[in-house]
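Residue numbers (the numbering used here): 445 to 1271.
The structure appears below as structure tokens.
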């Protein structure tokens, strides 16, 4: 962190820090126990009541083996103290709970704080801690726990409280029914693939015997036996695994729209019919080995494609995940928790400091500040008072508020953004339609060529008219052409992932290969997305006083001070008070210290240090100011702001050199955006501030009319624009909604990955064009040979997989994304 420190003359002697006691480790989490919590007469020490409660719970139930794990939780247990009564609400059960055949209930919960094997061990011992729980399984990768319990014996709220007590606050997983359906679909597809693979292996074994017999000679009875075996084993592949292609072909005919399944189905059917005839007559090729392998390969490709297409469907689910799952409502002076989905207009919300608003509404009581960075892009918290409007998904920072609900659920602002995301995603359909039209044209040409070949040669009484037509269908089967793009993309996407660049679709790589307009959010994208101390005016001995007051605050400015001075000693504060929207005040070693906004501090200031007064005039006006007064004297001031990423300037210059036009589009204050723009070389008209999510969406849509637009962002306020852009890119640390909506996710912090992405996209496009060129050339040559009668169905069946193998090798060895060396590897 680059901090400009200007020291003024000291107005008082430094306050000596307290001497810490000997460090003692917490018996549960292993962290140092604060001096004030050390119990000199106790055998074990605990850093907080949460750790003590968790330890007692585990000890009482004989689960002390938890402490034998070498790698275990190293964080204090911060139990929320929630009742989780909303987990027992009928609306909650309808949304998140399933009934299993034995009469049990089943749900899936996201757990906070999960990170190692000891967490898995502990969570899966919940049945021992809570009677009525039958099973608990934890997927550590997703922090997702599957709980099965007897609802008549124990309520779900009790199970949730047990998890919370152990330091794993649970949250409902919104996609239980959807994931169950997906698992059924995947299971069915994998069974098809397995059956098709087993059939292909057995048919190939029979084919090897026949090929060996053709070379070395085989008795007719054995030849007929293996031909009939091949036929008998292949037919089931058509009846069940391969049925999907015939179903697609039939749907293509019914809707009068040609589809790639049609020539595949015709080729498979023609090969099967001809092979069956040849098996019965005992003459000619049978093709069964090539057909069985083709069915298996096509099913594998379809499964991989299906898995990739699901990413877009998750965007809406994750967008709603930023809103809380529960809400506290006030009813006749009592507060109770209900599911967020049950909140209705007219209700009164009780929103505590640190809570997220569950609905849109107007503040009727209280003063606080709101962090709306995820929704609006504004990096600085906004002070709110009675009469101010707040929105679902934003965070209450400082003090409790009572909010009258005006819009909830599908009518809230976040829901409207969701609908805009969905509409933008649907507007990409014309690209898919264009690809389908191209595939339809190819299919029509192949079918016409096959029919024409058969008709012309039949009129000329050619002996092999049907064989030539079948050879044409087989050799021009779109397998290689279909693999040309997805296979190259699969390899490129895999290598990009190794570099920390997660690409969800090949169309994004194709669009990124040609320079266009690159629109970037500021907060969290160009900048680090968190408050940092940028300037400090005053003596260094004042800094521990500031830390002492800010230590327990959840305000982003307090976090900026803590990260700037992590190693400073913190003196004890007495008589501390917090003024919402103003700052903090307290007594430290008998001296009154006030830290906060200039207006708040000015209320107690009777004198200003001359050096501080002079330095204040030179401070950057785009930074958020914080003043420090000691016994009525203004002794120090700070400027806090969002720090520009280290690699931003170099990365942006490199992108501009490659032909990209860069535009910064931010919800932050215009003067802040303009200052960042000047620093990074943006043209004045290309550094745009105060842009709402709706304005960002409209801006991207206008720019798309002139060409390719790439939107790069990290917040929910960017999600709709990312979905509408030609290519949407989410950056490291972004909101889940933004990342799920994006076509590409950069897992590495900084903008240098953007440069690698555009270069890799250009190389990937070259590999794709080479593959397509080979596939088209192969099909033209093969079709010519088949029409000329120089290609038998047997040779066509051999050449068909060779074309696919060539595409596979070309994609695998193509130079797309450079491999990054592993950490510690020699270069």
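The C-beta atom is built at its ideal place from N, Cα and C for all residues, glycine as well.
- The beta carbon of residue 532 sits closer than 8 Å to the beta carbons of 599, 600, 601 from its chain, once the five residues preceding and following it are set aside; these are given in chain order.
- Note on residue 635: under 16 other CB atoms within 10 angstroms of its CB, so exposed under the neighbour-count rule.
- In this structure, the CA atom of residue 1235 is about 54 Å from the CA atom of residue 583.
- Here residue 609 carries a helix assignment [DSSP, helix/strand/coil].
- Take the alpha-carbon of residue 807 and the one of residue 1158: they are about 28 Å apart.
- Here the region 967-976 makes no contact with the region 984-997; the two share fewer than three CB pairs at distances below 8 Å.
- Under the three-state reduction of DSSP, residue 812 is assigned to strand.
- Annotation for residue 1257: no residue places its beta carbon closer than 7 Å to its own, counting only its chain and skipping 5 residues before and after.
- With a contact defined as Cβ atoms closer than 8 Å, residue 1173 and residue 1155 qualify at about 7 Å.
- Take the alpha-carbon of residue 787 and the one of residue 581: they are about 31 Å apart.
- Counting along the chain, residue 572 sits inside no beta strand (DSSP E); it lies in the alpha helix (DSSP H) bounded by residues 570-573.
- Taking each of 660, 566, 511, 1112 in turn and checking the Cα distance to residue 825, the smallest one comes out for 1112.
- The Cβ atoms of residue 976 and residue 1007 lie closer than 8 Å to each other.
- Contact between residue 857 and residue 836 is confirmed by a C-beta separation of about 7 Å, below the 8 Å threshold.
- Contact between residue 961 and residue 1151 holds: CB atoms are separated by about 7 Å, below the 8 Å threshold.
- DSSP lists 1028 as the beta-bridge partner residues of residue 1022.
- For residue 593, the closest of 558, 552, 1090, 556 by C-alpha to C-alpha distance is 552.
- Residue 605 counts as buried, since no fewer than 16 other beta carbons sit within 10 angstroms of its beta carbon.
- As for any beta strand (DSSP E) of minimum length 3 sitting wholly inside the region 1086-1116, the runs are 1105-1109, ordered along the chain.
- A buried status is given to residue 1162, since no fewer than 16 other beta-carbon atoms sit within 10 Å of its beta-carbon.
- In the DSSP assignment, residue 1015 falls outside any beta strand (DSSP E), carrying neither H nor E.
- The residue from 1035, 1212, 1069 with its alpha-carbon nearest to that of residue 1041 is 1069.
- Spatial neighbours of residue 1063 in its own chain (CB-CB distance under 8 Å, excluding positions within 5 residues in sequence) are listed in chain order as 979, 981, 1069, 1081, 1083.
- Between residue 685 and residue 743 a beta carbon distance of about 6 Å is seen, short of the 8 Å cut, so the two are scored as contacting.
- Residue pairing of residue 1078 in beta bridges, as defined by DSSP: 1052, 1073.
- The beta carbons of residue 834 and residue 801 sit closer together than 8 Å.
- Counting C-beta atoms within 10 angstroms of its own C-beta, residue 1102 has fewer than 16 neighbours from the protein chains shown and is therefore classed as exposed.
- The C-beta separation of residue 1222 from residue 1196 comes to about 39 Å, leaving the pair out of contact by the 8 Å criterion.
- Nearest C-alpha to residue 1228 among 916, 1169, 846, 1019: 916.
- For residue 668, the uninterrupted alpha helix (DSSP H) run begins and ends at 664-683, by DSSP.
- Assignment of residue 961 by DSSP, reduced to helix, strand and coil, places it in the strand class.
- Under DSSP, residue 554 takes part in a beta bridge, and its partners are 588, 615.
- At least 8 Å separates the beta-carbon of residue 1204 from that of residue 899.
- Judged by pairs of C-beta atoms under 8 Å, the region 1002-1017 does not touch the region 1089-1099, as fewer than three such pairs exist.
- For residue 987, the three-state secondary structure derived from DSSP is helix.
- Using a 10 angstroms sphere on the CB of residue 1166, the tally of other CB atoms reaches 16 or more, which defines it as buried.
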